[in-house]
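For reference, the structure discussed in these notes is given below.
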Amino acid sequence: MSAVLKSTFLRLQSLTKPIITPGKSMCYSCRLFGEARNIYCKVQQFSTIAKKLMVN
2 MSAVLKSTFL RLQSLTKPII TPGKSMCYSC RLFGEARNIY CKVQQFSTIA
52 KKLMVN
């Protein structure tokens with residue numbers, strides 16, 4: 002799981018790098034936010050599945 006988080010973190014860093022022009026910075030931040038939200042949702046799903054497995 003930590004490897005997955007590390008790779009997604011590196012991907013987030015790579016998304017923030019191309020902020021050069023002020024016009025484009027907004028789109029990159031939106032992309033970053035979308036990516037972060039996707040990761041958060043995946044983590045939530047993972048924890049929900051883990052809880053269900055622990056109960057069973």
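One rule links them: number in our numbering = place in the sequence shown (from 1) + 1. The beta-carbon is built from N, C-alpha and C at its ideal position, and this holds for glycine as well.
Beta carbon of residue i nearer than 8 angstroms to that of residue j
{"i": "residue 9", "j": "residue 50", "result": "no"}
Residue i Cβ short of 7 angstroms to the ligand GTP heavy atom set
{"i": "residue 32", "result": "Because no ligand of any kind appears in the structure shown, any question about the ligand GTP cannot be addressed here."}
When the options are compared against residue i, the one with the closest alpha-carbon
{"i": "residue 6", "options": "33, 43, 54", "result": "43"}
{"i": "residue 36", "options": "12, 4, 55", "result": "12"}
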